[in-house]
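*Asks:* One structure follows; several queries about it will come next.
Below, the structure is given as structure tokens:
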């Protein structure tokens with residue numbers, strides 16, 4: 001569920017609320033426009049801020065692609081990965097960082113903020129998010145071991161599948 005770095009992980013309502021709280025706080029404290037959290041497969045986990053005019057689905061998948069591409073660059077020069085990426089535009093800037101080796105935190109900001117402030121606040125938020133994801137992993141493992149895994153397919157038996165094709 002949560003063990004391997006490429007497998008999708010189960011998100012529970014409680015943790016999703018905690019994550020959204022951290023993102024909202026980061027948005028306020030860094031004076032940013034938009035913040036979103038993406039898994040390495042390009043799935044949007046959560047977002048906050050001025051997202052109504054953004055194609056968050058495309059933004060999420062392109063961000064994951066960007067991380068994958070720079071990961072290739074990192075390997076070529078003997079680095080494990082680049083944990084922080086920064087793109088500077090005329091009006092907007094994008095700060096991308098990897099949290100807990102498995103999710104991508106994206107902060108979009110303009111001249112109302114600064115790279116220094118964003119980096120400082122991202123560091124704090126990343127520590128909080130890492131704690132949430134660590135707890136989430138432990139919770140998922142506990143539920144899996146106790147047989148209470150919340151897989152949507154847990155209730156489906158082989159007989160149910162066979163009956164579909166009769």
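Numbering (the UniProt record's numbering), first residue to last: 1 to 166. For each residue, glycine too, the CB sits at the ideal point set by N, CA and C. Values in this document were obtained by computation on a predicted structure and should not be read as measured data.
(1) From residue 17 to residue 117, what does the alpha carbon distance come to, in whole angstroms?
(2) Would you list the one or two residues that DSSP bridges to residue 109?
(3) Beta-carbon separation of residue 106 and residue 38 under 8 Å?
(4) Between 21, 12, 15, 90, which lies nearest to residue 125 when the distance is taken from Cα to Cα?
(5) Mark residue 68 as exposed unless 16 or more other C-beta atoms lie within 10 angstroms of its C-beta, in which case mark it buried.
(6) What would DSSP say about residue 146, mapped onto helix, strand or coil?
(7) If you follow the alpha helix (DSSP H) that residue 58 is in, where does it begin and where does it stop?
(8) Based on Cα-Cα distance, which residue from 25, 28, 46, 30 lies nearest to residue 13?
(9) State buried or exposed for residue 36, treating a residue as buried only when at least 16 other CB atoms are found within 10 Å of its CB.
(10) Would you report the Cα separation of residue 165 and residue 159, rounded to the nearest angstrom?
(11) DSSP on residue 13, reduced to helix/strand/coil?
(12) Mind reading off the beta-carbon distance from residue 44 to residue 57? Whole number of angstroms is fine, and I expect it under 8 Å.
(13) With distance defined between alpha-carbon atoms, name the residue in 119, 89, 79 nearest to residue 96.
(14) Give me the residue from 110, 102, 27 with the minimum Cα distance to residue 94.
(15) Between residue 19 and residue 98, which are expected to be in contact by the criterion C-beta below 8 Å, what is the C-beta distance as a whole number of angstroms?
(16) Who are the near neighbours of residue 64 in its chain, counting only those whose CB is closer than 7 Å to its CB and skipping five residues on each side?
(17) Reducing DSSP to helix, strand and coil, say where residue 49 ends up.
*Replies:* Checking against the coordinates, here is how it stands:
(1) Counting from one through the chain shown, the residue named residue 17 turns up at place 17. Counting from one through the chain shown, the residue named residue 117 turns up at place 117. Straight-line Cα distance between these residues: approximately 25 Å.
(2) Sequence index remark: in the chain shown, residue 109 carries index 109 (1-based). Answer is 93, bridged to residue 109.
(3) Translated into positions along the chain shown, residue 106 becomes position 106. Translated into positions along the chain shown, residue 38 becomes position 38. In this structure, residue 38 lies closer than 8 Å to residue 106 by Cβ.
(4) As a position in the chain shown, residue 125 is number 125, starting the count at 1. Among 21, 12, 15, 90, the Cα nearest to that of residue 125 belongs to 21.
(5) On the chain shown, residue 68 is found 68 positions in, with the first residue counted as 1. It counts as exposed.
(6) Start at 1 with the first residue of the chain shown, and residue 146 comes out as number 146. Coil at residue 146, not helix or strand.
(7) In the chain shown, the residue the question calls residue 58 occupies position 58. Element bounds for residue 58: 56-76.
(8) Your numbering for residue 13 matches position 13 in the chain shown. Closest by alpha carbon: 46.
(9) Your numbering for residue 36 matches position 36 in the chain shown. Buried, because 16 or more other Cβ atoms sit within 10 Å of the Cβ of residue 36.
(10) By one-based count along the chain shown, residue 165 stands at place 165. By one-based count along the chain shown, residue 159 stands at place 159. Taking the straight line joining both Cα atoms gives about 10 Å.
(11) In the chain shown, the residue the question calls residue 13 occupies position 13. Helix at residue 13.
(12) Mapped onto the chain shown, residue 44 falls at position 44. Mapped onto the chain shown, residue 57 falls at position 57. With a Cβ gap of about 7 Å, residue 44 and residue 57 count as contacting.
(13) Here residue 96 refers to the residue found at position 96 when the chain shown is read from its first residue. Considering only alpha carbons, the answer is 119.
(14) The count along the chain shown starts at 1 and reaches residue 94 at position 94. Residue 110 is the option with its Cα nearest to residue 94.
(15) Indexing the chain shown from 1 puts residue 19 at position 19. Indexing the chain shown from 1 puts residue 98 at position 98. About 15 Å; that fails the 8 Å criterion.
(16) As a working note, residue 64 is residue 64 in the chain shown. Correct list, in chain order: 38, 40, 41, 42, 104.
(17) For the purposes of this step, residue 49 is identified with residue 49 of the chain shown, where counting begins at 1. DSSP places residue 49 in strand when its eight states are reduced to three.
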